[in-house]
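Trainee: The structure under discussion is supplied below as C-alpha coordinates; questions concerning it will follow.
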Amino acid sequence: MLSVPTLWIVFVVNFVAIGTVWVHVVRSYPNLEAARFWTAGALVAALGAAVAMTRSFIDPQQTTLLLIPLLAGGSILILAICLAAMGIRRFYGVPVSWRFTAAMVAINFVGLAYFVWHDNMAMRIVIYSACQAIPIAMTLPLLLSRKNGHAHPGARMAGYIAILMIGVYVARSLAALLKVGGPVSLVDFNQFQAVVILMLVFLSMMWNFGFLLMAIDRLRAEVADLAMFDDLTGAANRRQFLARLDEECARSGRSGEAFALLMIDLDEFKEVNDNHGHAAGDECLRRFTRAAESRLRTGDLLARMGGDEFCVVLPSTTLREGAMVARHILEACQGEAVQGNGVSLPLSASIGVAQWRPEIGLHAERLIAAADRALYTAKKDGKNGYAVFDATPLEAEPVLRKSA
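See below:
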(Lines of atoms letter the chains of each structure in order from A and count residues from 1; the text may use other names and numbers.)
(Lines give C-alpha, C1' and ligand atoms only; values in the text may rest on other atoms or scores of the structure.)
Protein backbone atom coordinates (compact mmCIF):
# COMPACT_ATOMS: atom_id res chain seq x y z
CA MET A 1 0.00 0.00 0.00
CA LEU A 2 1.24 3.50 -0.87
CA SER A 3 2.15 5.43 2.26
CA VAL A 4 1.35 9.11 2.77
CA PRO A 5 5.00 10.14 3.34
CA THR A 6 6.01 8.41 0.11
CA LEU A 7 3.33 10.27 -1.83
CA TRP A 8 4.41 13.62 -0.43
CA ILE A 9 8.08 12.89 -1.17
CA VAL A 10 7.19 12.08 -4.77
CA PHE A 11 5.19 15.31 -4.93
CA VAL A 12 8.04 17.43 -3.54
CA VAL A 13 10.74 15.93 -5.76
CA ASN A 14 8.52 16.20 -8.84
CA PHE A 15 7.73 19.88 -8.39
CA VAL A 16 11.24 20.89 -7.36
CA ALA A 17 12.42 19.37 -10.65
CA ILE A 18 9.69 21.15 -12.63
CA GLY A 19 10.38 24.43 -10.83
CA THR A 20 14.09 24.14 -11.67
CA VAL A 21 13.24 23.77 -15.35
CA TRP A 22 10.96 26.81 -15.21
CA VAL A 23 13.66 28.87 -13.48
CA HIS A 24 15.91 28.19 -16.46
CA VAL A 25 13.11 29.15 -18.88
CA VAL A 26 12.53 32.44 -17.05
CA ARG A 27 16.22 33.31 -17.15
CA SER A 28 16.50 32.41 -20.83
CA TYR A 29 13.28 34.10 -21.95
CA PRO A 30 12.56 37.00 -19.58
CA ASN A 31 9.80 38.38 -21.83
CA LEU A 32 7.68 35.25 -21.33
CA GLU A 33 5.72 36.60 -18.38
CA ALA A 34 3.61 33.46 -18.00
CA ALA A 35 6.74 31.45 -17.17
CA ARG A 36 7.17 33.45 -13.95
CA PHE A 37 3.76 32.32 -12.72
CA TRP A 38 4.45 28.73 -13.73
CA THR A 39 7.81 28.84 -11.94
CA ALA A 40 6.18 30.20 -8.81
CA GLY A 41 3.38 27.64 -9.08
CA ALA A 42 5.78 24.68 -9.24
CA LEU A 43 7.99 25.88 -6.38
CA VAL A 44 5.02 26.85 -4.21
CA ALA A 45 3.53 23.40 -4.85
CA ALA A 46 6.76 21.79 -3.66
CA LEU A 47 6.66 23.97 -0.53
CA GLY A 48 3.02 23.09 0.14
CA ALA A 49 3.73 19.38 -0.19
CA ALA A 50 6.73 19.68 2.13
CA VAL A 51 4.63 21.46 4.74
CA ALA A 52 1.83 18.90 4.43
CA MET A 53 4.37 16.08 4.72
CA THR A 54 5.35 17.19 8.22
CA ARG A 55 2.04 15.91 9.58
CA SER A 56 3.43 12.39 9.19
CA PHE A 57 5.92 13.18 11.95
CA ILE A 58 3.31 14.46 14.41
CA ASP A 59 1.65 12.24 16.97
CA PRO A 60 -1.89 11.50 15.68
CA GLN A 61 -3.17 12.25 19.17
CA GLN A 62 -1.93 15.85 18.87
CA THR A 63 -4.93 17.03 16.87
CA THR A 64 -4.12 20.71 17.33
CA LEU A 65 -0.61 20.30 15.96
CA LEU A 66 -1.93 18.30 13.01
CA LEU A 67 -4.02 21.31 12.00
CA ILE A 68 -0.93 23.39 11.21
CA PRO A 69 0.47 21.30 8.32
CA LEU A 70 -3.03 20.36 7.17
CA LEU A 71 -4.34 23.93 6.86
CA ALA A 72 -1.08 25.56 5.85
CA GLY A 73 -0.04 22.87 3.38
CA GLY A 74 -3.49 22.67 1.78
CA SER A 75 -3.76 26.44 1.40
CA ILE A 76 -0.27 26.67 -0.12
CA LEU A 77 -1.19 23.99 -2.65
CA ILE A 78 -4.35 25.90 -3.60
CA LEU A 79 -2.16 28.98 -4.11
CA ALA A 80 0.10 26.91 -6.37
CA ILE A 81 -2.72 25.76 -8.63
CA CYS A 82 -4.04 29.34 -8.82
CA LEU A 83 -0.58 30.58 -9.85
CA ALA A 84 -0.48 28.00 -12.63
CA ALA A 85 -3.91 29.15 -13.82
CA MET A 86 -2.78 32.79 -13.65
CA GLY A 87 0.17 31.87 -15.85
CA ILE A 88 -2.22 30.57 -18.49
CA ARG A 89 -4.19 33.81 -18.38
CA ARG A 90 -1.04 35.90 -18.76
CA PHE A 91 0.11 33.68 -21.62
CA TYR A 92 -3.01 34.75 -23.51
CA GLY A 93 -2.73 38.37 -22.40
CA VAL A 94 -5.73 38.16 -20.06
CA PRO A 95 -5.50 40.10 -16.76
CA VAL A 96 -5.04 38.02 -13.62
CA SER A 97 -7.06 38.43 -10.44
CA TRP A 98 -5.22 38.22 -7.14
CA ARG A 99 -8.55 38.71 -5.39
CA PHE A 100 -9.87 35.50 -6.90
CA THR A 101 -6.72 33.68 -5.84
CA ALA A 102 -7.02 35.06 -2.30
CA ALA A 103 -10.69 34.02 -2.24
CA MET A 104 -9.86 30.43 -3.28
CA VAL A 105 -7.13 30.17 -0.63
CA ALA A 106 -9.41 31.65 2.03
CA ILE A 107 -12.35 29.38 1.14
CA ASN A 108 -10.09 26.35 1.32
CA PHE A 109 -8.59 27.43 4.65
CA VAL A 110 -11.94 28.19 6.28
CA GLY A 111 -13.59 25.08 4.86
CA LEU A 112 -10.81 22.77 6.01
CA ALA A 113 -10.74 24.39 9.44
CA TYR A 114 -14.50 24.07 9.85
CA PHE A 115 -14.63 20.41 8.91
CA VAL A 116 -11.54 19.57 10.95
CA TRP A 117 -13.41 21.04 13.91
CA HIS A 118 -16.47 18.95 13.01
CA ASP A 119 -14.26 15.98 12.04
CA ASN A 120 -15.62 15.34 8.53
CA MET A 121 -12.80 14.05 6.33
CA ALA A 122 -15.05 13.55 3.30
CA MET A 123 -16.09 17.21 3.23
CA ARG A 124 -12.48 18.30 3.64
CA ILE A 125 -11.61 16.33 0.49
CA VAL A 126 -14.60 17.83 -1.36
CA ILE A 127 -13.67 21.41 -0.45
CA TYR A 128 -9.99 20.93 -1.24
CA SER A 129 -10.79 19.26 -4.58
CA ALA A 130 -13.27 21.99 -5.53
CA CYS A 131 -10.78 24.76 -4.77
CA GLN A 132 -8.26 22.98 -6.99
CA ALA A 133 -10.68 22.19 -9.82
CA ILE A 134 -12.34 25.62 -10.16
CA PRO A 135 -9.19 27.58 -11.19
CA ILE A 136 -8.28 24.78 -13.60
CA ALA A 137 -11.76 24.75 -15.15
CA MET A 138 -11.64 28.51 -15.70
CA THR A 139 -8.60 28.09 -17.98
CA LEU A 140 -10.31 25.68 -20.37
CA PRO A 141 -11.90 28.34 -22.65
CA LEU A 142 -8.41 29.75 -23.23
CA LEU A 143 -6.59 26.45 -23.63
CA LEU A 144 -9.13 24.96 -26.02
CA SER A 145 -9.82 28.11 -28.04
CA ARG A 146 -8.89 28.25 -31.71
CA LYS A 147 -6.92 31.33 -32.65
CA ASN A 148 -7.23 32.16 -36.35
CA GLY A 149 -9.03 28.85 -36.77
CA HIS A 150 -6.13 26.77 -35.46
CA ALA A 151 -5.69 24.93 -32.16
CA HIS A 152 -2.14 24.99 -30.84
CA PRO A 153 -0.68 21.60 -29.83
CA GLY A 154 0.74 22.65 -26.45
CA ALA A 155 -2.43 24.43 -25.37
CA ARG A 156 -4.59 21.56 -26.59
CA MET A 157 -2.49 19.08 -24.58
CA ALA A 158 -2.72 21.27 -21.46
CA GLY A 159 -6.49 21.58 -21.96
CA TYR A 160 -7.06 17.84 -22.23
CA ILE A 161 -4.89 17.19 -19.17
CA ALA A 162 -6.84 19.86 -17.27
CA ILE A 163 -10.08 18.02 -18.11
CA LEU A 164 -8.57 14.77 -16.81
CA MET A 165 -7.48 16.50 -13.60
CA ILE A 166 -10.95 17.89 -13.04
CA GLY A 167 -12.36 14.42 -13.60
CA VAL A 168 -9.98 12.95 -11.04
CA TYR A 169 -10.93 15.63 -8.49
CA VAL A 170 -14.61 14.82 -9.02
CA ALA A 171 -13.92 11.09 -8.68
CA ARG A 172 -11.93 11.66 -5.51
CA SER A 173 -14.71 13.74 -3.96
CA LEU A 174 -17.41 11.20 -4.83
CA ALA A 175 -15.25 8.36 -3.48
CA ALA A 176 -14.79 10.23 -0.20
CA LEU A 177 -18.51 10.92 0.15
CA LEU A 178 -19.45 7.33 -0.72
CA LYS A 179 -16.61 5.90 1.41
CA VAL A 180 -15.14 4.00 -1.53
CA GLY A 181 -12.00 2.10 -0.51
CA GLY A 182 -12.57 2.43 3.20
CA PRO A 183 -11.97 5.15 5.79
CA VAL A 184 -9.54 8.04 5.40
CA SER A 185 -7.83 9.78 8.29
CA LEU A 186 -5.63 12.83 8.79
CA VAL A 187 -2.54 10.66 8.58
CA ASP A 188 -3.50 7.63 6.46
CA PHE A 189 -5.25 7.38 3.09
CA ASN A 190 -6.99 4.26 1.85
CA GLN A 191 -5.62 2.57 -1.26
CA PHE A 192 -8.09 4.23 -3.62
CA GLN A 193 -7.31 7.74 -2.33
CA ALA A 194 -3.58 7.03 -2.47
CA VAL A 195 -3.81 5.96 -6.12
CA VAL A 196 -5.91 9.03 -6.96
CA ILE A 197 -3.35 11.36 -5.38
CA LEU A 198 -0.56 9.63 -7.30
CA MET A 199 -2.54 10.17 -10.50
CA LEU A 200 -2.89 13.87 -9.68
CA VAL A 201 0.87 14.14 -9.13
CA PHE A 202 1.64 12.79 -12.57
CA LEU A 203 -1.17 14.71 -14.26
CA SER A 204 0.20 17.89 -12.69
CA MET A 205 3.61 17.05 -14.09
CA MET A 206 2.11 16.47 -17.54
CA TRP A 207 0.16 19.73 -17.25
CA ASN A 208 3.46 21.54 -16.79
CA PHE A 209 4.83 19.76 -19.84
CA GLY A 210 1.83 21.20 -21.68
CA PHE A 211 2.90 24.66 -20.48
CA LEU A 212 6.40 24.01 -21.83
CA LEU A 213 4.93 23.07 -25.21
CA MET A 214 2.85 26.26 -25.13
CA ALA A 215 6.02 28.27 -24.55
CA ILE A 216 7.78 26.43 -27.39
CA ASP A 217 4.81 27.12 -29.70
CA ARG A 218 4.96 30.81 -28.81
CA LEU A 219 8.73 31.07 -29.33
CA ARG A 220 8.49 29.19 -32.63
CA ALA A 221 5.77 31.59 -33.80
CA GLU A 222 7.96 34.56 -32.86
CA VAL A 223 10.86 33.11 -34.84
CA ALA A 224 8.52 32.60 -37.80
CA ASP A 225 7.40 36.23 -37.51
CA LEU A 226 11.03 37.38 -37.55
CA ALA A 227 11.49 35.46 -40.79
CA MET A 228 8.44 37.13 -42.35
CA PHE A 229 8.65 40.75 -41.14
CA ASP A 230 11.10 43.61 -41.54
CA ASP A 231 12.71 44.31 -38.17
CA LEU A 232 13.14 48.05 -38.79
CA THR A 233 9.64 49.01 -39.91
CA GLY A 234 7.51 46.05 -38.81
CA ALA A 235 6.16 45.73 -42.36
CA ALA A 236 6.19 42.38 -44.14
CA ASN A 237 9.50 41.44 -45.75
CA ARG A 238 10.31 40.32 -49.29
CA ARG A 239 9.73 36.64 -48.49
CA GLN A 240 6.21 37.22 -47.18
CA PHE A 241 5.43 39.57 -50.06
CA LEU A 242 6.42 37.06 -52.73
CA ALA A 243 4.47 34.27 -51.02
CA ARG A 244 1.38 36.49 -50.73
CA LEU A 245 1.70 37.64 -54.35
CA ASP A 246 1.81 34.02 -55.56
CA GLU A 247 -1.29 33.26 -53.46
CA GLU A 248 -3.20 36.21 -54.94
CA CYS A 249 -2.19 35.26 -58.50
CA ALA A 250 -3.42 31.71 -57.91
CA ARG A 251 -6.67 32.95 -56.34
CA SER A 252 -7.33 35.38 -59.17
CA GLY A 253 -6.46 32.66 -61.70
CA ARG A 254 -9.25 30.53 -60.25
CA SER A 255 -11.86 33.24 -59.71
CA GLY A 256 -10.97 35.77 -62.40
CA GLU A 257 -11.20 38.57 -59.80
CA ALA A 258 -8.58 41.28 -60.19
CA PHE A 259 -6.21 42.58 -57.55
CA ALA A 260 -3.78 45.50 -57.59
CA LEU A 261 -0.12 45.96 -56.79
CA LEU A 262 1.64 49.17 -55.75
CA MET A 263 5.40 49.67 -56.12
CA ILE A 264 6.69 52.55 -53.97
CA ASP A 265 9.98 54.41 -53.70
CA LEU A 266 10.66 57.19 -51.21
CA ASP A 267 11.78 60.39 -52.94
CA GLU A 268 15.36 61.62 -52.35
CA PHE A 269 16.02 58.83 -49.85
CA LYS A 270 19.68 58.44 -50.84
CA GLU A 271 20.28 62.15 -50.27
CA VAL A 272 18.70 61.89 -46.81
CA ASN A 273 21.06 59.04 -45.89
CA ASP A 274 24.12 60.73 -47.39
CA ASN A 275 23.53 64.23 -46.02
CA HIS A 276 21.70 63.61 -42.74
CA GLY A 277 22.76 60.13 -41.63
CA HIS A 278 21.23 56.69 -41.55
CA ALA A 279 19.29 57.49 -38.36
CA ALA A 280 17.27 60.07 -40.30
CA GLY A 281 16.83 57.60 -43.14
CA ASP A 282 15.59 54.91 -40.79
CA GLU A 283 13.11 57.34 -39.28
CA CYS A 284 11.84 58.16 -42.79
CA LEU A 285 11.20 54.48 -43.40
CA ARG A 286 9.33 54.09 -40.12
CA ARG A 287 7.28 57.26 -40.67
CA PHE A 288 6.30 56.17 -44.16
CA THR A 289 5.30 52.70 -42.91
CA ARG A 290 2.99 54.19 -40.29
CA ALA A 291 1.51 56.67 -42.79
CA ALA A 292 0.88 54.01 -45.45
CA GLU A 293 -0.61 51.49 -43.03
CA SER A 294 -3.04 54.13 -41.77
CA ARG A 295 -4.63 54.19 -45.26
CA LEU A 296 -4.72 50.45 -45.91
CA ARG A 297 -7.57 48.03 -45.27
CA THR A 298 -7.56 44.85 -43.25
CA GLY A 299 -6.20 42.20 -45.59
CA ASP A 300 -3.93 44.55 -47.55
CA LEU A 301 -0.23 43.77 -47.25
CA LEU A 302 2.50 46.39 -47.01
CA ALA A 303 6.00 44.95 -47.52
CA ARG A 304 9.46 46.45 -47.47
CA MET A 305 11.45 44.99 -50.34
CA GLY A 306 14.74 46.54 -49.26
CA GLY A 307 16.24 50.00 -48.98
CA ASP A 308 13.49 52.53 -49.61
CA GLU A 309 11.43 50.26 -51.84
CA PHE A 310 7.98 49.11 -50.66
CA CYS A 311 5.15 47.10 -52.21
CA VAL A 312 1.48 46.90 -51.37
CA VAL A 313 -0.74 43.96 -52.34
CA LEU A 314 -4.39 45.01 -52.59
CA PRO A 315 -6.73 41.98 -52.84
CA SER A 316 -10.03 42.34 -54.74
CA THR A 317 -8.98 45.75 -56.06
CA THR A 318 -9.23 47.19 -59.58
CA LEU A 319 -6.66 49.46 -61.21
CA ARG A 320 -8.84 52.50 -60.52
CA GLU A 321 -9.26 51.54 -56.86
CA GLY A 322 -5.53 50.90 -56.59
CA ALA A 323 -4.87 54.41 -57.90
CA MET A 324 -7.19 55.79 -55.21
CA VAL A 325 -5.23 53.92 -52.54
CA ALA A 326 -1.98 55.32 -53.97
CA ARG A 327 -3.41 58.84 -53.75
CA HIS A 328 -4.52 58.26 -50.15
CA ILE A 329 -1.04 57.05 -49.20
CA LEU A 330 0.50 60.17 -50.71
CA GLU A 331 -2.00 62.31 -48.81
CA ALA A 332 -1.04 60.54 -45.57
CA CYS A 333 2.60 61.44 -46.21
CA GLN A 334 1.80 65.14 -46.52
CA GLY A 335 2.76 67.00 -43.39
CA GLU A 336 5.08 64.17 -42.29
CA ALA A 337 8.65 65.32 -41.80
CA VAL A 338 11.84 64.00 -40.23
CA GLN A 339 14.41 66.11 -38.44
CA GLY A 340 17.97 65.65 -39.68
CA ASN A 341 20.86 67.88 -38.55
CA GLY A 342 18.35 70.54 -37.54
CA VAL A 343 16.65 70.48 -40.93
CA SER A 344 13.05 69.41 -41.50
CA LEU A 345 12.92 66.76 -44.24
CA PRO A 346 9.44 66.38 -45.79
CA LEU A 347 8.32 62.86 -46.58
CA SER A 348 7.21 62.05 -50.11
CA ALA A 349 7.06 59.02 -52.38
CA SER A 350 6.50 57.91 -55.95
CA ILE A 351 4.09 55.04 -56.65
CA GLY A 352 3.47 52.72 -59.56
CA VAL A 353 0.11 50.96 -59.83
CA ALA A 354 -0.64 47.78 -61.77
CA GLN A 355 -3.53 45.31 -61.90
CA TRP A 356 -3.55 41.54 -62.33
CA ARG A 357 -5.08 40.39 -65.60
CA PRO A 358 -5.76 36.92 -67.01
CA GLU A 359 -2.74 37.28 -69.32
CA ILE A 360 -0.50 37.44 -66.24
CA GLY A 361 -1.84 34.18 -64.83
CA LEU A 362 0.53 32.68 -62.29
CA HIS A 363 3.50 34.76 -63.44
CA ALA A 364 3.79 37.16 -60.51
CA GLU A 365 7.03 38.59 -61.92
CA ARG A 366 5.05 40.03 -64.86
CA LEU A 367 2.84 41.99 -62.48
CA ILE A 368 5.91 43.23 -60.57
CA ALA A 369 7.46 44.35 -63.85
CA ALA A 370 4.29 46.21 -64.82
CA ALA A 371 4.11 48.03 -61.47
CA ASP A 372 7.84 48.79 -61.70
CA ARG A 373 7.40 50.38 -65.12
CA ALA A 374 4.62 52.55 -63.75
CA LEU A 375 6.86 53.53 -60.85
CA TYR A 376 9.62 54.51 -63.28
CA THR A 377 7.19 56.82 -65.05
CA ALA A 378 6.04 58.38 -61.78
CA LYS A 379 9.64 59.10 -60.72
CA LYS A 380 10.64 60.42 -64.16
CA ASP A 381 7.73 62.85 -64.26
CA GLY A 382 8.33 64.29 -60.78
CA LYS A 383 8.12 63.55 -57.06
CA ASN A 384 5.17 62.86 -54.84
CA GLY A 385 2.99 61.31 -57.52
CA TYR A 386 1.75 58.04 -58.93
CA ALA A 387 1.32 56.43 -62.33
CA VAL A 388 -0.79 53.48 -63.47
CA PHE A 389 0.14 50.71 -65.89
CA ASP A 390 -2.68 49.95 -68.33
CA ALA A 391 -1.96 47.54 -71.19
CA THR A 392 -4.35 45.32 -73.10
CA PRO A 393 -3.14 42.81 -73.98
CA LEU A 394 -0.05 42.39 -71.82
CA GLU A 395 2.26 41.90 -74.82
CA ALA A 396 1.13 45.16 -76.38
CA GLU A 397 2.96 48.41 -75.85
CA PRO A 398 1.73 49.61 -72.42
CA VAL A 399 0.01 52.87 -71.83
CA LEU A 400 1.42 54.63 -68.79
CA ARG A 401 -0.88 57.18 -67.23
CA LYS A 402 0.49 59.52 -64.63
CA SER A 403 -1.38 61.32 -61.89
CA ALA A 404 -0.15 63.61 -59.15
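The sequence shown begins at 3 in the numbering used here and counts up by one. Note that beta-carbon positions come from the ideal geometry of N, C-alpha and C, so glycine has one too.
DSSP three-state label for Phe93, please.
Mentor: Position 91 of the sequence shown, counted from the first residue, corresponds to residue 93. DSSP places Phe93 in helix when its eight states are reduced to three.
Trainee: Would you report the Cα separation of Ala19 and Ala132, rounded to the nearest angstrom?
Mentor: Stepping through the sequence shown from its first residue, residue 19 is reached at position 17. Stepping through the sequence shown from its first residue, residue 132 is reached at position 130. Straight-line Cα distance between these residues: approximately 26 Å.
Trainee: Using three-state DSSP, classify Ala130 as helix, strand or coil.
Mentor: Position 128 of the sequence shown, counted from the start, is the residue given in the question as residue 130. This sequence places Tyr at residue 130; Ala is not what is there. In this structure, Tyr130 counts as helix in the three-state DSSP scheme.
Trainee: Which residues does DSSP list as the beta-bridge partners of Gln193?
Mentor: One-based indexing of the sequence shown puts residue 193 at position 191. In the DSSP output, where bridge partners are listed per residue, Gln193 has none listed.
Trainee: On a Cα-Cα basis, can you pick out the residue from Met106, Phe261, Val390, Ala51 that is closest to Ser318?
Mentor: For the purposes of this step, residue 318 is taken as the residue at position 316 of the sequence shown. Of Met106, Phe261, Val390, Ala51, the residue nearest in Cα terms is Phe261.
Trainee: Quick one: does Leu221 have its CB under 8 Å from some CB of chain C?
Mentor: Going by chain labels, chain C is absent from the structure shown, which holds only one protein chain.
Trainee: Between the C-alpha atoms of Ala226 and Arg368, what's the straight-line distance to the nearest angstrom?
Mentor: As a working mapping, residue 226 is identified with position 224 in the sequence shown. As a working mapping, residue 368 is identified with position 366 in the sequence shown. If I take the Cα positions, the gap works out to 28 Å.
Trainee: Pick helix, strand or coil for Val355, following the three-state DSSP scheme.
Mentor: Working through the sequence shown from its first residue, we reach residue 355 at position 353. Looking at Val355 - three-state DSSP - the assignment turns out to be strand.
Trainee: Once the 5 residues before and after Phe17 are set aside, which same chain residues still bring their CB inside 6 Å of it?
Mentor: For this step, residue 17 is matched to residue 15 along the sequence shown. Answer for Phe17: Ala44, Ala47, Ala48, listed in chain order.
Trainee: Quick check on His278: buried or exposed, where buried means 16 or more other Cβ atoms within 10 Å of its Cβ?
Mentor: Looking up residue 278 in the sequence shown gives position 276. With 16 or more Cβ atoms within 10 Å of its Cβ, His278 is classed as buried.
Trainee: Please report the distance separating the alpha-carbon of Ala173 from that of Phe93.
Mentor: Position 171 of the sequence shown, counted from the start, is the residue given in the question as residue 173. Position 91 of the sequence shown, counted from the start, is the residue given in the question as residue 93. Ala173 and Phe93: Cα-Cα distance of roughly 30 Å.
Trainee: Have a look at Trp100, Met230, Trp209, Leu176 and flag the residue whose alpha-carbon is nearest the alpha-carbon of Tyr130.
Mentor: Along the sequence shown, read from residue 1 onward, the residue named residue 130 stands at position 128. Of the listed residues, the one whose Cα sits closest to Tyr130 is Leu176.
Trainee: Report buried or exposed for Glu250, applying the criterion of at least 16 other Cβ atoms within 10 angstroms of its Cβ.
Mentor: Position 248 of the sequence shown, counted from the first residue, corresponds to residue 250. Flag for Glu250 reads buried.
Trainee: Compute the distance between the beta-carbons of Leu264 and Gly363, then report whether it is under 8 Å.
Mentor: On the sequence shown, residue 264 is found 262 positions in, with the first residue counted as 1. On the sequence shown, residue 363 is found 361 positions in, with the first residue counted as 1. Cβ atoms of Leu264 and Gly363: not closer than 8 Å.
Trainee: Take Met230 and list the residues in its own chain whose beta-carbon comes closer than 8 Å to its own, dropping the five residues that flank it on each side.
Mentor: Taking the first residue of the sequence shown as 1, we reach residue 230 at position 228. Correct list, in chain order: Ala238, Asn239, Arg241, Gln242.
Trainee: For Pro32, does the three-state DSSP call read helix, strand or coil?
Mentor: Working through the sequence shown from its first residue, we reach residue 32 at position 30. It is coil, neither helix nor strand.
Trainee: Look at the alpha carbon of Ala124 and the alpha carbon of Ser147, and state the distance between them as a whole number of angstroms.
Mentor: Position 122 of the sequence shown holds residue 124. Position 145 of the sequence shown holds residue 147. Computed Cα separation, rounded: 35 Å.
Trainee: Going along the chain, which unbroken runs of the alpha helix (DSSP H) with 4 or more residues stay wholly within the region 167 to 249?
Mentor: 193 to 230, all fully within the region 167 to 249.
Trainee: Using only CA atoms, which one of Pro360, Val327, Gly169, Ala351 lies nearest to Ala441?
Mentor: Residue numbering for the chain in the displayed model covers 3 to 406; residue 441 lies beyond these limits and cannot be assessed.
Trainee: Note down, in chain order, each residue of its chain lying with its Cβ closer than 7 Å to the Cβ of Ala160, except the 5 sequence neighbours on either side.
Mentor: Position 158 of the sequence shown holds residue 160. Excluding positions up to five away in sequence, the list reads Leu145, Trp209, Gly212, Phe213, Met216.
Trainee: For Asp232, which residues from the same chain have a beta carbon less than 6 Å from its beta carbon, with the 5 sequence-adjacent residues on both sides left out?
Mentor: In the sequence shown, counting from the first residue as 1, residue 232 sits at position 230. Excluding residues within five positions, the ones whose Cβ falls inside 6 Å are Asn239, Arg306.
Trainee: Please find out if some non-hydrogen atom of the ligand ADP comes closer than 7 Å to the beta-carbon of Gln357.
Mentor: As far as ligands go, the structure on display features none, and thus does not contain the ligand ADP.
Trainee: Do Ala293 and Ala334 count as a contact pair if the criterion is CB distance below 8 Å?
Mentor: Locating residue 334 in the sequence shown gives position 332, where the first residue counts as 1. Locating residue 293 in the sequence shown gives position 291, where the first residue counts as 1. The answer is yes: Cβ separation under 8 Å.
Trainee: Look at the Cβ atom of Leu347, then the Cβ atom of Ala356, and state whether they are nearer than 8 Å.
Mentor: Along the sequence shown, one-based indexing puts residue 347 at 345. Along the sequence shown, one-based indexing puts residue 356 at 354. Contact flag unset, no.
Trainee: Could you tell me which residues DSSP puts in a beta bridge with Val314?
Mentor: Counting from 1 along the sequence shown, the entry for residue 314 is found at position 312. Looking at the DSSP assignment, Val314 forms a beta bridge with Leu264, Leu304.
Trainee: Quick one: any contact between the region 101 to 117 and the region 154 to 169, if contact means 3 or more CB pairs under 8 Å?
Mentor: Too few Cβ pairs lie closer than 8 Å, so no.
Trainee: So, at 7 Å on beta carbons, what are the nonlocal neighbours of Leu205 in its own chain, with the 5 sequence-adjacent residues on each side left out?
Mentor: Against the sequence shown, residue 205 aligns to sequence position 203. The answer, listed in chain order, is Ile163, Leu166, Met167, Val170.
Trainee: So, with DSSP's three-state summary, where would you put Pro71?
Mentor: Position 69 of the sequence shown, counted from the start, is the residue given in the question as residue 71. DSSP places Pro71 in helix when its eight states are reduced to three.
Trainee: With a cut-off of 8 Å on the beta carbons, I'd call Met88 and Val98 a contact; round off their distance for me.
Mentor: Here the question's residue 88 lines up with position 86 in the sequence shown. Here the question's residue 98 lines up with position 96 in the sequence shown. So it is a contact: roughly 4 Å between Cβ atoms.
Trainee: Is it right to say Asp267 is buried, meaning 16 or more other beta carbons lie within 10 angstroms of its own, or is it exposed?
Mentor: Residue numbering aside, residue 267 sits at position 265 when the sequence shown is read from its first letter. When all chains shown are included, Asp267 counts as buried.
Trainee: So, under 8 Å CB-CB, Tyr388 and Arg299 are touching, yes? Tell me the CB distance rounded to an integer number of Å.
Mentor: Counting from 1 along the sequence shown, the entry for residue 388 is found at position 386. Counting from 1 along the sequence shown, the entry for residue 299 is found at position 297. Not confirmed; about 18 Å, so no contact.
Trainee: Between the Cα of Gln341 and those of Ile138, Asp284, Gly50, spot the shortest distance and give me the residue it belongs to.
Mentor: Indexing the sequence shown from 1 puts residue 341 at position 339. It is Asp284.
Trainee: Around the Cβ of Gln336, are there at least 16 other Cβ atoms within 10 angstroms (buried) or fewer (exposed)?
Mentor: Position 334 of the sequence shown, counted from the first residue, corresponds to residue 336. Exposed is the call here.
Trainee: So, at 6 Å on beta carbons, what are the nonlocal neighbours of His154 in its own chain, with the 5 sequence-adjacent residues on each side left out?
Mentor: Here residue 154 is taken as the residue at index 152 of the sequence shown, counted from 1. So the qualifying residues of the chain are Asp219.
Trainee: What are the boundary residues of the alpha helix (DSSP H) that includes Pro143?
Mentor: Walking along the sequence shown from the start, residue 143 turns up at place 141. Where Pro143 is concerned, the enclosing alpha helix (DSSP H) stretches over 142 to 145.
Trainee: Which same chain residues, not among the five before or five after Arg1, have their C-beta less than 7 Å away from its C-beta?
Mentor: In the structure as shown, the chain starts at 3 and stops at 406, and residue 1 therefore has no counterpart that could be examined.
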